[in-house]
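Data block below; observations after.
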Amino acid sequence: MKRFLPYLKYLRGHRTYLVFALVCGAISGLVFGRGLPVVINSVFPRIFTDGPRTLPALEIIGYALLIPLVFLIRAVTQFLNNYFMSRCGIGVLEAIRVELYRKLQYLPLSYLGKNRTGDLLSRLTADTQVVQQTITSSASDLVIQPLTLVGAMSFLATIAFRYNGALMFLGSLAIIPVCVLPVRYVGKKLLKRADENQRLLGDISDLANQNLMAAREVRAFGLEEKEVDVFQRTTRRLFLVQMKVVKYSQVLSPSIEVIASLGIAFSLFYAYRAGLPLAVFTSILTALFACYEPVKKLGALHGQFTRGTASLNRIEEVLHEPVTITDPAAPVYVGRLRGDIAFGEVSFAYKTGEPVLHGLRAAIPAGTVCALVGPSGAGKTTFANLVPRFYEATAGSVSIDGHDVRAMKLADLRRNIAVVSQDPVLFNDTIYNNLLLGRTDATRNEVIAAAIDAHADDFIRTLPNGYETVVGERGSLLSGGQKQRLALARAFLRNAPILILDEATSALDSQSEQFIQEALQKLVVGKTVLIIAHRFSTIRDASMILVFDRGQIAATGTHAQLYAANPLYKSLYDRQTGAT
Ligand SMILES: Nc1ncnc2c1ncn2[C@@H]1O[C@H](COP(=O)(O)OP(=O)(O)OP(=O)(O)O)[C@@H](O)[C@H]1O
Ligand SMILES: [Mg+2]
4 MKRFLPYLKY
14 LRGHRTYLVF
24 ALVCGAISGL
34 VFGRGLPVVI
44 NSVFPRIFTD
54 GPRTLPALEI
64 IGYALLIPLV
74 FLIRAVTQFL
84 NNYFMSRCGI
94 GVLEAIRVEL
104 YRKLQYLPLS
114 YLGKNRTGDL
124 LSRLTADTQV
134 VQQTITSSAS
144 DLVIQPLTLV
154 GAMSFLATIA
164 FRYNGALMFL
174 GSLAIIPVCV
184 LPVRYVGKKL
194 LKRADENQRL
204 LGDISDLANQ
214 NLMAAREVRA
224 FGLEEKEVDV
234 FQRTTRRLFL
244 VQMKVVKYSQ
254 VLSPSIEVIA
264 SLGIAFSLFY
274 AYRAGLPLAV
284 FTSILTALFA
294 CYEPVKKLGA
304 LHGQFTRGTA
314 SLNRIEEVLH
324 EPVTITDPAA
334 PVYVGRLRGD
344 IAFGEVSFAY
354 KTGEPVLHGL
364 RAAIPAGTVC
374 ALVGPSGAGK
384 TTFANLVPRF
394 YEATAGSVSI
404 DGHDVRAMKL
414 ADLRRNIAVV
424 SQDPVLFNDT
434 IYNNLLLGRT
444 DATRNEVIAA
454 AIDAHADDFI
464 RTLPNGYETV
474 VGERGSLLSG
484 GQKQRLALAR
494 AFLRNAPILI
504 LDEATSALDS
514 QSEQFIQEAL
524 QKLVVGKTVL
534 IIAHRFSTIR
544 DASMILVFDR
554 GQIAATGTHA
564 QLYAANPLYK
574 SLYDRQTGAT
């Protein structure tokens, strides 16, 4: 229960509905818990008299209708209570869901790298769903049931007072605390299973996500049945855990009913001894029933809360994860940077204790086209990722124009950098909107000019809907070369002083290749460029080359210098060009 309290702050905007819902819930609970026994107690003795039954028909009908009246009031107020409580609850949930999504936008890439996408998706959908169920079911029971209990108990107390039956009153109610025992026992069991249940759902979502992303590989390698097999083993584990959850949550109500029936037996015994009239005893039974029903419901609600807690824990694991890459407390103001990049003794490790960059130093003056070359895994991409602060250096500092990147606002820093990744990702939207991501306030003419510069305009115009063509998930309806040109157009549009390019390793046909080279040559003019180069033409044209080797910069220079002096560079270059 109390785990949910911090989220009450989201109720602020729903106050009126909440108050209205609470009032309706109170009426509903009291009318049923107290009203029904009172009606029975006052009406039955008049109808079931010992003598001849002479009441006029109209009066009897009037008495009889009192009972549906109680139920009608209860029905209407219960509906209003449920409706408006749910409205508040679902509103709160919406806020939590958005907060979670916002958090996912700001968490460092290292966090997203460590956590599985499918599992995070499952937290965003399946876990929020469980919390929502918890909120809606508690919405209907949390007010009405306790007040029904209060209403019924107050009636029993009145009767006990009138008939001197305090012992019966206490005796039959003494059962209630006993009912709490199974609730507690089951609750503990349930929490563990519910947690396991949600984790397995995360696994399943993750398996499916990976499988769909690798649909081509699955077919190419004939993995279809193997994939089904792995999936089925996980769903089987889920089945077993779900059955335990069902067992524990369904065993509660029946056991509470059995315990509660002991209270009824006790009051029957006592009523006989105390000589209570049948009508009074009937009203006591009604009140007892009205008492145990809430206990049972609250027990079930406890189970639901336990399941909700397990899911809330999973949501909070993400919500409470510290965002380690943030704006500094007192940022230095930077407008448009010139682009002097300096690495001072920079070390970096993805995992503590396993450094992949070892005390790198480099100075890349503004306006330089700097090629990063080196064997696979030498640390080129990692190096480039430190400039826009996608990751944080573990030691040393990266600075631009003399300002440490950590001293600037992230938005200011990143506004000055355009990134074209190795495998550019497009959103499932129109080409125009995908280009616009480069700079959201660009005009249509600017967007088209950028596309022309990137040699993309020609092919875009041949598409059925031109710039309004939707590119499919991750740009799947376009060829590799087309995607790369759109990515370049996006970078043109951004027109940032620093450009980071992870050159695609995939071979393109010679025409696309040539288009991209031409586009690149235009794009790099006047900018500081870090280009992770795989093509020898790009490497040769660079005014500065950093040779990476096992997390260190082994040499710096121009092509001619390095080719003459550095054996690693010479062998890399020769291999690229096919020379022997
Ligand atoms: N997200 C990550 N988590 C953990 N280790 C990583 C991660 N990314 C890269 N590494 C490791 O860091 C080292 C440097 O990787 P990096 O991607 O920088 O190499 P690279 O020089 O760009 O190689 P390539 O030319 O193949 O792209 C490698 O040993 C790699 O295994
Ligand atoms: Mg790389």
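Numbering (the numbering used here), first residue to last: 4 to 583. Ideal Cβ positions, reconstructed from N, Cα and C, are used throughout, including at glycine. If you're wondering where the values come from, they're calculated on a predicted model, not measured in any experiment.
Which complete beta strand (DSSP E) runs does the segment 313 to 367 hold, if anything under 3 residues is left out?
344 to 354 and 357 to 367
Using DSSP bridges, identify the partner residues of HIS406.
On the sequence shown, residue 406 is found 403 positions in, with the first residue counted as 1. HIS406 is bridged to ILE403.
By the three-class DSSP mapping on this structure, what secondary structure does VAL450 have?
Counting from one through the sequence shown, the residue named residue 450 turns up at place 447. Of the three classes helix, strand and coil, the one that applies to VAL450 here is helix, per DSSP.
Please say whether ILE43 and THR238 have beta carbons closer to each other than 8 Å?
In the sequence shown, the residue the question calls residue 238 occupies position 235. In the sequence shown, the residue the question calls residue 43 occupies position 40. Contact: no.
Buried or exposed for THR583, please, with buried defined as at least 16 other CB atoms from any protein chain shown within 10 angstroms of its CB.
Your numbering for residue 583 matches position 580 in the sequence shown. Annotation note: pLDDT 44 at THR583 (below 50); position unreliable, coordinate value reported separately. So THR583 counts as exposed.
When you compare each of ALA333, ALA563 and ALA290 to LYS412 by their alpha carbons, which one comes out closest?
Taking the first residue of the sequence shown as 1, we reach residue 412 at position 409. Among ALA333, ALA563 and ALA290, the Cα nearest to that of LYS412 belongs to ALA333.
Identify which residue in ALA507, PHE272, VAL372 and MET216 has its Cα closest to the Cα of GLU476.
As a first step, residue 476 is located in the sequence shown; it is residue number 473 there, counting from the start. The candidate whose alpha carbon is nearest that of GLU476 is MET216.
Let's see if you can read the secondary structure: which residues bound the beta strand (DSSP E) around ALA557?
Numbered from its first residue, the sequence shown carries residue 557 at position 554. Where ALA557 is concerned, the enclosing beta strand (DSSP E) stretches over 555 to 560.
Would GLY342 and GLY370 be called neighbours here (beta carbons separated by less than 8 Å)?
Here the question's residue 342 lines up with position 339 in the sequence shown. Here the question's residue 370 lines up with position 367 in the sequence shown. The answer is yes: Cβ separation under 8 Å.
Taking 7 Å as the cut-off, is the CB of LYS383 close to at least one heavy atom of ligand 2?
The residue labelled residue 383 in the question sits at position 380 within the sequence shown. Yes, the beta carbon of LYS383 sits closer than 7 Å to at least one heavy atom of ligand 2.
Can you give the Cα-Cα distance for ARG37 and THR151, rounded to whole angstroms?
Against the sequence shown, residue 37 aligns to sequence position 34. Against the sequence shown, residue 151 aligns to sequence position 148. The alpha-carbon atoms of ARG37 and THR151 are separated by roughly 7 Å.
Residue from GLY28, GLY225, LEU96 and THR137 with nearest C-alpha to GLN148
Reading the sequence shown from its first residue, position 145 is the one you call residue 148. Comparing Cα positions, the closest option is GLY28.
Three-way DSSP call (helix, strand, coil) for ASP53 in this model:
Your numbering for residue 53 matches position 50 in the sequence shown. Reduced to three states, the DSSP call for ASP53 is coil.
Suppose contacts are defined by Cβ-Cβ distances below 8 Å. Is ASP552 in contact with GLY377 by that definition?
Your numbering for residue 552 matches position 549 in the sequence shown. Your numbering for residue 377 matches position 374 in the sequence shown. Yes, Cβ-Cβ distance for ASP552 and GLY377 is below 8 Å.
Please state whether DSSP places ASP544 in a helix, a strand or coil.
Here residue 544 refers to the residue found at position 541 when the sequence shown is read from its first residue. DSSP places ASP544 in helix when its eight states are reduced to three.
Under the criterion of a Cβ to heavy atom distance below 7 Å, does ASP505 qualify as lining ligand 2?
Walking along the sequence shown from the start, residue 505 turns up at place 502. It does: the Cβ of ASP505 is within 7 Å (strictly closer) of some heavy atom of ligand 2.
Just to confirm, does ILE535 get its C-beta within under 7 Å of one of the non-hydrogen atoms of ligand 2?
In the sequence shown, counting from the first residue as 1, residue 535 sits at position 532. At least one heavy atom of ligand 2 is nearer than 7 Å to the Cβ of ILE535, so yes.
At which residues does the beta strand (DSSP E) containing LEU481 begin and terminate?
Here residue 481 refers to the residue found at position 478 of the sequence shown. Counting along the chain, LEU481 falls outside any beta strand (DSSP E), and DSSP gives it neither H nor E.
Spatial neighbours of LEU170 in its chain, beta-carbon cut-off 6 Å, leaving aside the 5 residues before and after
Looking up residue 170 in the sequence shown gives position 167. There are no such residues.
To which residues of the same chain is LEU241 closer than 6 Å at the C-beta, ignoring the five residues directly before and after it?
As a working note, residue 241 is residue 238 in the sequence shown. For LEU241, where only same-chain residues beyond five positions count, the Cβ hits under 6 Å are LEU203.
Give the secondary structure of PHE495 by DSSP, where H, G and I count as helix, E and B as strand, and everything else as coil.
Numbered from its first residue, the sequence shown carries residue 495 at position 492. Residue state, collapsed to three classes: helix.
Compute the minimum distance between the beta carbon of TYR566 and the heavy atoms of ligand 1, and state whether it is under 7 Å.
Sequence index remark: in the sequence shown, residue 566 carries index 563 (1-based). Flag unset: Cβ of TYR566 not near ligand 1.
Taking only the alpha-carbon atoms, compute the straight-line gap between GLN514 and ALA507 and give it to the nearest angstrom.
As a first step, residue 514 must be located in the sequence shown, where it is residue number 511. As a first step, residue 507 must be located in the sequence shown, where it is residue number 504. Each residue's Cα considered, the two are about 15 Å apart.
So what does ILE1 bridge to, in DSSP terms?
Only positions 4 to 583 of the chain appear in the structure, and residue 1 is not among them; the question remains open.
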